[in-house]
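Chemist:
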Amino acid sequence: MQGSGSHIRPGRGAAALVALLGCHHPDIAGFDEMVPDAMPMCAGPGGRGFAFTGGPQVFVVPECVTRLTVELWGAQGGPSRCSTDEIHGLPDVQMDGGLGGWLRAELPVRPGEVLLVLVGGRGGIDGAPGWNGGGRGGVWGGGGGGGSDIRIGGASLIDRALVVGGGGGGSCGFPDHGAGGHGGGLVGEDGVVGDASWNAGGGGKQHAGGVAGSSPGQTGVFGLGGGAARYHVAGGGGGWYGGGGAFGAGGGGGSSHVAVDVEAVAFEAGARGGDGAIQIFW
Numbered sequence: 000m001q002g003s004g005s006h007i008r009p010g011r012g013a014a015a016l017v018a019l020l021g022c023h024h025p026d027i028a029g030f031d032e033m034v035p036d037a038m039p040m041c042a043g044p045g046g047r048g049f050a051f052t053g054g055p056q057v058f059v060v061p062e063c064v065t066r067l068t069v070e071l072w073g074a075q076g077g078p079s080r081c082s083t084d085e086i087h088g089l090p091d092v093q094m095d096g097g098l099g100g101w102l103r104a105e106l107p108v109r110p111g112e113v114l115l116v117l118v119g120g121r122g123g124i125d126g127a128p129g130w131n132g133g134g135r136g137g138v139w140g141g142g143g144g145g146g147s148d149i150r151i152g153g154a155s156l157i158d159r160a161l162v163v164g165g166g167g168g169g170s171c172g173f174p175d176h177g178a179g180g181h182g183g184g185l186v187g188e189d190g191v192v193g194d195a196s197w198n199a200g201g202g203g204k205q206h207a208g209g210v211a212g213s214s215p216g217q218t219g220v221f222g223l224g225g226g227a228a229r230y231h232v233a234g235g236g237g238g239w240y241g242g243g244g245a246f247g248a249g250g251g252g253g254s255s256h257v258a259v260d261v262e263a264v265a266f267e268a269g270a271r272g273g274d275g276a277i278q279i280f281w
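Each residue of the sequence shown is one higher than the one before, counting from 0 in numbering that gives the first Met the number 0.
1. Give the secondary structure of LEU185 by DSSP, where H, G and I count as helix, E and B as strand, and everything else as coil.
2. Which residue or residues does DSSP assign as beta-bridge partners of GLU112?
3. Considering only the beta carbon of each residue, do SER147 and GLY203 sit closer than 8 Å?
4. Using CA atoms only, rank isn't needed, just tell me which of LEU114, VAL257 and GLY180 is closest to GLY201.
5. Can you tell me whether ALA195 is buried or exposed? The criterion is at least 16 other CB atoms within 10 Å of its CB, across all chains shown.
6. Go ahead and pull the three-state DSSP assignment for LEU98.
7. Quick test of your reading: MET94 and GLY184, contact by CB under 8 Å. State the CB separation rounded to the nearest angstrom.
8. Which whole-angstrom value is the C-beta distance of PHE221 and TYR240, which I expect to be below 8 Å?
9. Nearest to ALA268 by alpha carbon, out of VAL261, GLY236 and ALA258?
10. Answer yes if the region 57-77 comes into contact with the region 103-114, meaning at least three C-beta pairs across the two stretches below 8 Å, and no otherwise.
11. Mind checking whether GLY165 and GLY144 have CB atoms under 8 Å apart?
12. If you follow the beta strand (DSSP E) that PHE58 is in, where does it begin and where does it stop?
13. Excluding the five sequence neighbours on either side, which residues of its own chain have a C-beta within less than 7 Å of the C-beta of TRP130, listed in chain order?
14. Just verifying my parser: in three-state terms, what is the DSSP assignment at GLY123?
15. Would you grab the beta carbon distance between VAL162 and PRO110 for me? Rounded to a whole angstrom, and I think it's under 8 Å.
16. How is ASP148 classed by DSSP in three states: helix, strand or coil?
17. Go to GLN278, then tell me how far its beta strand (DSSP E) extends in each direction, as first and last residue.
18. Skipping 5 residues on each side, what residues in its chain have a beta carbon closer than 6 Å to that of GLN278?
19. What's the call for PRO78, buried or exposed, on a 16-neighbour Cβ count within 10 Å?
20. Residues in the same chain with beta-carbon distance under 8 Å from GLU123, minus the five sequence neighbours each way, listed in chain order, please.
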């Protein structure tokens, strides 16, 4: 499956050649001209896993490797804290955040190429946003889960060659509640509406963020879920485009995306709870 989307891969530097040890011999005329460039020590099949750290991590493509198989999981949105018994005499409930998405693909690379690996963090209670694009919520709302991505050629959002969406946060309303929408897929899932009087946040898309739910929820934007640090607001999940935030209903999940030269792509929404993860195989 050819990756869709309009992302253009930036230029990539070739791996530096390593000189042969002890090749120069002053007693042999023309020896330096006879010695070819050093042949790299090719890496055998292998793999490396990346867990959430709260910061970028680095992967250097091994010698002779020209294609990687990668799997990415986005992070889950944060749950809501609903103390409905104090206000309405009802049992305590909790609205879970949406699950993070899953993405598998084959990525063409060059030996020695440097990849930045960013693993999304789970959204927190009381609106704490998940690292790497989760939208901020408020008290009685969950923060959006962070997306996970791999960047090539730079550290900016536009350098993301592969992105998988995070889940939206859950929310407590008056008195009904809504769970967060799942992240992942070309379009993230909408948040859940628990009460017809409130609107949930929409899922992120390929060319636009998820629409805002009930005010003061905010629309998701490129790389960032919508939200607001206000009571009962759920944050949208991070991703290529973030999900929308919402008041009194769930935040939308973030979308996934691949660059145009990525192959054998498979998506799944709602595949992982907790923090995200990334695995790279060669």
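We put the CB at the ideal spot given by N, CA and C, even for glycine.
Computed from a predicted structure; not experimentally measured.
Modeler: Well, looking at it:
1. coil
2. None; GLU112 has no bridge partner.
3. no
4. GLY180
5. exposed
6. coil
7. In fact, because the Cβ distance is near 21 Å, the residues do not count as touching under 8 Å.
8. 6 Å
9. Ranking VAL261, GLY236 and ALA258 by Cα distance to ALA268 puts GLY236 first.
10. yes
11. Cβ distance < 8 Å, so GLY165 and GLY144 count as in contact.
12. 56-59
13. GLY53, GLY119, GLY120 and GLY145
14. coil
15. Wrong, their Cβ atoms sit about 24 Å apart, outside the cutoff.
16. Three-state DSSP puts ASP148 in a strand.
17. The continuous beta strand (DSSP E) containing GLN278 extends over residues 276-280.
18. Cβ within range, chain order: GLY48 and GLU70.
19. buried
20. Looking at the sequence provided, one finds Gly at residue 123 rather than Glu. Only GLY77, GLY129, GLY141 and GLY142 meet the Cβ criterion.
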